[in-house]
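Single-structure report; data block below.
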Amino acid sequence: MNTAIYDVRNLTEEMLERAEVRGEAEARRATDTALEAVEEAARVIRRGGLVAFPTETVYGLGADAFNEAAVRRIYAAKGRPSDNPMIVHLARASDIGALAAALTPDTVRLIEGFWPGPLSIVVKKSAAVPDAVTGGLDSVAVRMPDDPVALALIRRAGTPIAAPSANLSGRPSPTAAEHVLRDLDGRVDAILAGNPCRVGIESTVLDLSEGRPVILRPGFVTADGIAALLGKSVETDPAIFTRDGDKDAARVPKSPGMKYRHYAPEAEMMVLEGARERVKSEMARLKTLNERLGRRVGTLLFEEKAFLEAAQGLFAELRALDDAGADLIIAGALSEDDALGFAVMNRMMKAAGYNIIRV
Ligand code: TXA
Ligand code: MG
């Protein structure tokens, strides 16, 4: 398949402001060109094709959510198990009406409080949502992304867009256009190549389908933030707290996507947890030791408390280490006392297959 690649880096909030509010001619030309590209991509969606596009979290691989055949093509392009449900992306919050069986006051409050933004809400689905989107579940995950390219694409396609992350199954989620190109060039109809993602880890997934709010996947929108808005306590799926991966059989995650061994690098990966200085010295010691055994060692240590930087950088760093041919990746744990740190650690521990070492 020949993949059309469109440069939409100029379609940012700032450029739109300069073009539309301040009326700068140059900004107008630049955004118009990008919007024409988005229009092309929207046509692809309307025709049942696949388009990869940026969001504030990670890049998504989208198809018309109401076109069953198109949605099924996503699984093929990603090489993904077909029981793994997708998130449906909206350009207008009120469009959730076509997808949800009913809207509860909590759902409405969350939409008003957090959309557009990195919060996916799982609600009972309406009959209009094809099984291919939900993997046969009676619920559907919905979100309105906070990204001008994503919103323009969905608006112009005139239909909600079902999209998982735009990586090949088993690879880290793509946080930059080059990651998408690397994984999906030749496998999808079009790629909207925008800027690197602001958040860098996938959206928080919150289940509201059974009344009580339960976090199924941690993300930038935190349990505390949701609890404060709703004025009630928010549970977290116990499966997220596992430190033992699949071995912890009592904890089967409610979110189907959480059960798959996620990105597992070719390299062996370990996460060192402990006091900062101790982690640093052990990291250096293990690196030297393993290099003397002829292994290629990559290390990954984010600044202490730089949680957003870690979220933005984690997947890109893992890809870079893979590409550099590392045999062993030694990473330093982040503090899980911070909610974003907790969300990043959720991905890091999965990548390491729960190979966590206290030092
Ligand atoms: O930030 C994001 O959420 C990105 C961007 C593209 O929006 N998308 C993303 O999609 O991460 P994906 O397919 O990689 O992850 C979707 C997650 C999976 O863990 C899946 O199991 C869960 O959402 N999910 C989707 N529908 C669900 C449902 N009806 N019930 C429970 N979990 C659901
Ligand atoms: Mg994914």
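Residue numbers (our numbering): -17 to 341. Built from N, CA and C at the ideal position, the CB exists for glycine as well.
Using the Cα positions of Glu22 and Pro195, report the straight-line distance between them to the nearest angstrom. 39 Å
Residues in its own chain within less than 6 Å of Leu310 by CB, not counting five upstream and five downstream? Ala249, Glu250, Asn272, Arg277, Val279
Secondary structure at Ala255, three-state DSSP: helix, strand or coil? Residue 255 is actually Glu in this sequence, not Ala. Strand.
With hydrogens ignored, establish whether the beta-carbon of Gly176 is closer than 8 Å to any heavy atom of ligand 1. no
When the Cα of Val181 is compared with those of His71, Leu290, Arg199, which residue comes out closest? Leu290
Could you tell me if Arg153 is buried or exposed, where buried requires 16 or more neighbouring beta carbons within 10 angstroms of its beta carbon? The C-beta of Arg153 has 16 or more other C-beta atoms within 10 Å across all chains shown, which makes the residue buried.
Residue of Ala148, Leu282, Pro36 minimising C-alpha distance to Ala302: Leu282
Cβ of Ser64 versus every heavy atom of ligand 2: is any distance shorter than 8 Å? no
Are Leu32 and Ala51 closer than 9 Å when you measure CB to CB? It is not a contact, given that the beta carbons lie outside the stated cut-off.
Excluding five sequence neighbours on each side, which residues of the same chain lie with their C-beta closer than 8 Å to the C-beta of Asp226? Tyr336
Enumerate in chain order the residues of its own chain whose CB-to-CB distance from Pro178 is below 7 Å, with the five nearest sequence positions on each side excluded. Thr157, Ala158
Let's see if you can read the secondary structure: which residues bound the beta strand (DSSP E) around Tyr(-12)? -14 to -11
Could you check which residue in Ile69, Pro87, Arg(-9) has the C-alpha nearest to that of Gly42? Ile69
Extent of the continuous alpha helix (DSSP H) run through Phe96: 87 to 96
Would you report the Cα separation of Leu322 and Leu316, rounded to the nearest angstrom? 9 Å
Bridge partner(s) assigned by DSSP for Ile360: Examination of residue 360 is not possible in this model, given that the chain is present from -17 through 341 alone.
Gly201 versus Val40: straight-line alpha-carbon distance, rounded: 12 Å
Tell me whether Ser263 is buried or exposed, calling it buried when 16 or more other Cβ atoms sit within 10 Å of its Cβ. Label assigned to Ser263: exposed.
Could you say which of Arg340, Leu296, Asp319, Asp305 lies nearest to Ala333 if we only look at CA atoms? Leu296
Quick one, which of Glu255, Pro142, Lys214 has its alpha-carbon nearest Leu72's? Of the candidates Glu255, Pro142, Lys214, Pro142 places its Cα closest to the Cα of Leu72.
Ala47 - DSSP class collapsed to helix/strand/coil: Coil, per DSSP.
Residues in the same chain with beta-carbon distance under 8 Å from Asn328, minus the five sequence neighbours each way, listed in chain order, please. Arg199, Pro200, Ile222
Lys106 versus Ala84, Arg138, Arg55, Pro112, residue with shortest Cα-Cα distance: Ala84
Identify, in the order they occur along the chain, each residue of the same chain with its Cβ nearer than 8 Å to the Cβ of Asn(-16), setting aside the five sequence neighbours on each side. Gly168
Going by DSSP in three states, Thr13 sits in which element: helix, strand or coil? Of the three classes helix, strand and coil, the one that applies to Thr13 here is helix, per DSSP.
Inspect the CB distances between the stretch 82 to 101 and the stretch 117 to 136 and report whether three or more fall short of 8 Å. yes
Three-state secondary structure assigned by DSSP to Ser76: helix
Which word fits Ser185, buried or exposed, when buried means at least 16 other C-beta atoms lie within 10 angstroms of its C-beta? So Ser185 counts as buried.
Sequence-distant residues of the same chain with beta carbon closer than 6 Å to Ala308, five excluded per side: Ala249, Arg278, Gly280
What are the residues that DSSP puts in a beta bridge with Gly280? Ile311
From Asp120 to Ala205, what does the alpha carbon distance come to, in whole angstroms? 24 Å
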